[in-house]
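A.B. asks:
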Amino acid sequence: MEWFLKNIDFVLGLTTTHLWVSLIPLVLGSLLAVVLAKFIPRKLVASTNGLLSAVYAVPSLALFVTLPVLIGTSYLGPTNVIIALTIYVIASMFFSARDAFSQVPESANFIARAQGLNRWQHFIHVELPLAIPGLVAGFRVAAASTVSMASIGAVVGVRNLGYLFLDGFQRKIAEEVTAGLLAIFVIAIALDLLIWLIGRALTPWARKRAVSV
Amino acid sequence: MFSLADLWMWFAEPENWLGRYGLLNLLGEHLAISLSSILLASLLALPLGILIGHLGKGEALVVGLSSISRAIPTMGLLFALVMLLGIVNRELAVTLALAAIAVPPILAGAYSGISTIERSTKVAAIAQGMRPIQLIWHVELPLAASSIIGGLRIAFIQVVSTVVLAPLVGLGGLGFAIIQGLALRDFAQVTAGAIAIVLLTLFGNLVLGMLQQKTRLSTLRQIRAR
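Protein chains in written order, with my numbering: chain A, 1 to 213; chain B, 1 to 226.
1. Taking a contact to mean a Cβ-Cβ separation below 8 Å, would you say L77 of chain B touches A97 of chain B in this structure?
2. Tell me, please, whether the CB atom of A80 of chain B is closer than 8 Å to any CB atom in chain A?
3. Starting from N49 of chain A, follow the alpha helix (DSSP H) in both directions and report where the run begins and ends.
4. Ordered along the chain, which non-local residues of its own chain (more than five positions away) have a Cβ less than 7 Å from that of A188 of chain B?
5. Here's the rule: buried if 16 or more other CB atoms are within 10 angstroms of the residue's CB, otherwise exposed. What is N217 of chain A?
6. Since L27 of chain B and A196 of chain B are thought to touch, with beta carbons under 8 Å apart, how far apart are those beta carbons, to the nearest angstrom?
7. Does the segment 149 to 169 of chain A come within contact of the segment 125 to 139 of chain A, defined as at least 3 CB pairs closer than 8 Å?
8. With a threshold of 7 Å, establish whether the CB of Q180 of chain B neighbours any heavy atom of the ligand SAH.
9. Quick one: what does DSSP say G116 of chain A is sitting in, helix, strand or coil?
10. Note the first and the last residue of the continuous alpha helix (DSSP H) segment covering V62 of chain B.
11. Anything in chain A within Cβ reach of S161 of chain B, meaning under 7 Å, just list it in chain order.
12. Is the Cβ of S102 of chain A closer than 8 Å to any Cβ of chain B?
13. Applying a beta-carbon distance threshold of less than 9 Å, which residues of chain C neighbour P73 of chain B?
14. Would you mind telling me which residues of chain A sit closer than 7 Å to F187 of chain B, beta carbon to beta carbon, in chain order?
15. Quick check: is the beta carbon of A144 of chain A nearer than 8 Å to any beta carbon in chain B?
16. Report the option in B:I179, B:I72, B:P142, B:G175 whose CA atom is closest to the CA atom of V141 of chain A.
17. Let's test the definition: count the other Cβ atoms within 10 Å of the Cβ of G153 of chain A and tell me whether it reaches 16, buried, or not, exposed.
18. Could you say if the segment 182 to 191 of chain A and the segment 8 to 28 of chain A meet the contact criterion of at least three C-beta pairs nearer than 8 Å?
19. For V94 of chain B, which residues in the same chain have their Cβ closer than 7 Å to its Cβ, ignoring the five residues on either side in sequence?
20. Counting only the same chain and skipping the five closest in sequence on each side, list residues whose C-beta sits under 6 Å from that of V139 of chain B.
21. Using a Cβ-Cβ distance cut-off of 8 Å, determine whether N16 of chain B contacts chain A.
22. How would you list, in chain order, the residues of chain A whose beta-carbon sits under 7 Å from the beta-carbon of A194 of chain B?
23. Compare the C-beta of A37 of chain A with all C-beta atoms of chain B and state if any pair is closer than 8 Å.
24. Anyone know if the C-beta pair for G29 of chain A and I90 of chain A falls short of 8 Å?
25. Does the beta-carbon of H54 of chain B have 16 or more other beta-carbons within 10 angstroms, so that it is buried, or is it exposed?
26. Using a C-beta to C-beta distance shorter than 7 Å, which residues of chain B count as neighbours of V177 of chain A?
27. Tell me which same chain residues have a C-beta within less than 6 Å of the C-beta of L76 of chain A, skipping the five on either side of it?
28. If you measure from the beta carbon of R70 of chain B to each beta carbon in chain A, is any gap under 8 Å?
29. Which bits of chain A does T215 of chain B rub up against, with CB to CB less than 8 Å?
30. With G151 of chain B and A110 of chain B assumed to form a contact (beta carbons below 8 Å), what rounded beta-carbon distance in angstroms separates them?
31. State buried or exposed for N118 of chain A, treating a residue as buried only when at least 16 other CB atoms are found within 10 Å of its CB.
32. Is T201 of chain B helix, strand or coil when you go by DSSP?
33. Pop quiz: A62 of chain A and A194 of chain B are said to be a contact at Cβ under 8 Å. What is the actual Cβ separation, rounded to whole angstroms?
34. DSSP state of V213 of chain A, grouped into three classes?
35. For G173 of chain B, count the other beta carbons within 10 Å of its own beta carbon; 16 or more makes it buried, fewer makes it exposed. Which is it?
36. Note down the Cα distance separating P105 of chain B from Q115 of chain A, rounded to an integer number of angstroms.
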């Protein structure tokens, strides 16, 4: 506790970086995954499934240091980490998004077509709202994994909460490592709660039904 | 940066394959640490998951454990356990940390494989006079095999990814090539290490994925054949 109180500004600075490095991939990756899941041609589904599940298996540190070779970014710094985490979010959200869209009842799609909604209206007003519970569930999983995985970015020079593990280990300050663990845990739980609340707010009909039954 | 020729030279150097820190030695260390911790986790999580699925009690434990574990950074767990048990016991500490990472997915795979079996299937087995042990061995385990292997596959991915960080706490494994390479700014070596790691995980993922598919198909075939 003493260490934490003395270094609170330092930890807050690392937290800010940690949030940026996690939130940008989460938002960007989820949007891309939803678009990909919805608009991918049927012919490409099987190969995309295979590719994304393979990408998901690649260890993050290996991906961080492969990106400079593939796209010419610098070895150290947040760019590779943000791009790599975005790829992981896409890989994880693609599957939950496809599940979420496939669970939209066929009757709802039928009625929407019968009412003369065009493809875009159908997506925005019918499919997307009905897929929210599945998308939110997938987003919660992706958020927790991303916040936790972002700490590995410290190995390639990103000054985020993972730095507390490296520094605390080298200088034998157990409290520093514990502070890192706790801070990441708290961020992951808080983010999870926030996403759950947003999901609840976006699906008022689900609550009303639960009350009236 | 480095050129393709540098990378080729790195791979052409026998020392980089056969030396103390050559790829073969590092691969052996990587596999030994990963497999022993997955084995340890399986000894604990498989019986527990099967039991929870069989009894239908304790679902909250499985769900709670897997959502809490997701919020704990694997890197932090690794560092914290090594500090807790001391650097001299780092092998034990890393094995325990990796086992802790492997338990939730293995537990979830076993539990969900068994709990999603249709009730009528279990009732039919009991009506045929099967004892609980026979029900588990002849009905539940074969039907859950695919999901159990799925859990092991996720555990494998997470454990092998985390072992990449083991050199940071004084152990070996393929991550050594990356972490030493970054420190020496020898990016050909970094890339060679990354290639080896990617090949290892893709191979493991492919084998376990095929096994997962095969057990699912063979169960279906057995049911159809009857």
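Virtual Cβ for every residue (Gly too), placed ideally from N, Cα, C.
C.D. replies: With the given structure in hand:
1. yes
2. yes
3. 45 to 57
4. F2, D6, L7, W10
5. As displayed, chain A neither begins before 1 nor continues past 213, which places residue 217 of chain A out of reach and without an answer.
6. 7 Å
7. no
8. The model on display carries no ligand, and the ligand SAH is accordingly not part of it.
9. coil
10. 59 to 71
11. P59, S60
12. no
13. The structure shown has no chain C; the protein chains it does contain are A and B.
14. Y75
15. yes
16. B:I72
17. buried
18. yes
19. I33, L78, V82, A166, V169, L171
20. A125
21. no
22. A62, V65, T66
23. no
24. yes
25. buried
26. G76, F79, A80, M83
27. V156, G157
28. yes
29. By Cβ distance, chain A contributes nothing, its closest Cβ being about 17 Å from T215 of chain B, past 8 Å.
30. 6 Å
31. exposed
32. helix
33. 4 Å
34. Caution applies to V213 of chain A, whose pLDDT of 45 falls short of 50 and renders its modelled position unreliable; the value that the coordinates give is listed next. Coil at V213 of chain A, not helix or strand.
35. buried
36. 45 Å
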